[in-house]
Amino acid sequence: MAHLLGNASDAAGSQYRRWLPACGVPVKPYYEQDGIAIYHGDNQDVLPDLEGDALVTDPPFGIAWARATWDDDTTAYGAKMQWLVTESQRAVRNGWCFVFQAMPNVARFHEWFPEGWRIYAACKNFAQVRPTGIWHSWDPVVFWANGEAPRNKDGTEGVNRDYFVGNVAGVFGDRNDHPCPRPRDTMEHIVAIASLPGRTVLDPYAGSGTTLVAAKNIRRRAIGIEIEERYCEIAARRLDQTVLQLGV
Ligand SMILES: C[S@@+](CC[C@H](N)C(=O)[O-])C[C@H]1O[C@@H](n2cnc3c(N)ncnc32)[C@H](O)[C@@H]1O
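Per the working numbering, residue 1 is the first one in the sequence shown, and the count goes up by one each step.
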C-alpha cells in the first residue's frame, strides 16, 4: 500500500518533483513533508536526477549477508560502489560523502573510493561478541569530500571526530521490521558533521529511513531512495512520529 501522506505530495508545486525532469513524466515522491522526501524505486533510476549538499548512505554490505532481503551480491559490488562514487561527484559537487561499509571488504576500499578517503568508526555500545573477531563491535564508514566541503568558521574541517559510539541497544527500542536499521544517534552525529543546518542530505539506500529521521531531528533537509516499498512505509511512519524541530 502506498504511503500517501504529507499534504505536499499531491500539490502541483512539489519542490522535489521538478528535480526529476529526465524521467519524462513527473515522479511523485512516496513521502514528502517538512523538508524530507522519499522516492520508492531503484536508485539507479532516481539518483541521477537529484542534487544535494551531502551524501550519507548505508548500501548493501557486499558480503552475501544471509539476512539481506535485497541483492547483497559480492561480485558486482565493486562496480556498484564505483557507480555510487561517480554519482556522488555529480550530485554533491561541494560536500561530504559518508558510505557505510563492511569490514570483510576493507582491502578493496582503495579500488572503489576516491583518493583521500578515510574511515569513520561507527562503534557499538553493545558489541556482539562473536568468534569472528572484532568486526561486530564497529563498522567502517568510508568518507571523503567532493570539491570544497563546508568548513568550520575557524577554517578547520567540519569532521572533527572520526568515531561515535552509538546506542545499539536503542535500535531495539526503535525496533522495526527492517533487518538492519542503524542507531539513530550515530546517524545524527554523521549527518551533523556532514552537513550544515538547512542543507540537503541524500541517502540513496534509505532502508527504514534512519538517515532521514536523523536529518529531521537536527534540522536538515533530506531525500531518500528505497527499492522495497515495505521499508518506505516504515520510514514514512517513523518520520510521521518525529516532531519537526523549529527552524527547518
Ligand atoms: C543496509 S540497508 C540500509 C538500512 C538503513 N540505514 C536503516 O537504518 O534502515 C540497505 C537498503 O538499501 C536498499 N536497496 C538495495 N538496493 C537498492 C537500490 N538499487 N535502490 C534503492 N534501494 C536499494 C535495500 O532494500 C535496503 O533497505
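Backbone N, C-alpha and C define an ideal beta-carbon position, used for all residues, glycine too.
Through-space distance from residue j to residue i, alpha-carbon basis
| i | j | result |
| --- | --- | --- |
| L202 | N94 | 13 angstroms |
| V142 | F100 | 6 angstroms |
| A222 | L212 | 6 angstroms |
| L47 | E32 | 16 angstroms |
| T69 | D177 | 11 angstroms |
| G24 | D53 | Residue confidence for G24 is low, a pLDDT of 48 falling below 50, so the modelled location carries little weight and cannot support an answer. |
| I218 | L50 | 22 angstroms |
| A76 | T86 | 16 angstroms |
| D71 | K80 | 11 angstroms |
| E229 | H40 | 6 angstroms |
| Y120 | N152 | 18 angstroms |
| G158 | F109 | 23 angstroms |
| D34 | W65 | 34 angstroms |
| E226 | P29 | 11 angstroms |
Expected contact under 8 angstroms - CB spacing of residue i and residue j to nearest Å
| i | j | result |
| --- | --- | --- |
| G78 | E111 | 6 angstroms |
| T57 | P204 | 6 angstroms |
| F61 | A102 | 4 angstroms |
Residue(s) in a DSSP beta bridge with residue i
| i | result |
| --- | --- |
| T57 | V99 |
| R90 | Answer is none; R90 lacks a bridge partner. |
| K124 | G166 |
| P140 | A121 |
| A222 | I36, V201 |
| A145 | W96 |
Cβ-Cβ distance between residue i and residue j below 8 angstroms
| i | j | result |
| --- | --- | --- |
| A206 | A235 | yes |
| T186 | G209 | no |
Buried or exposed by the 16-neighbour rule on C-beta atoms within 10 Å, applied to residue i
| i | result |
| --- | --- |
| N160 | exposed |
| P197 | exposed |
| N105 | buried |
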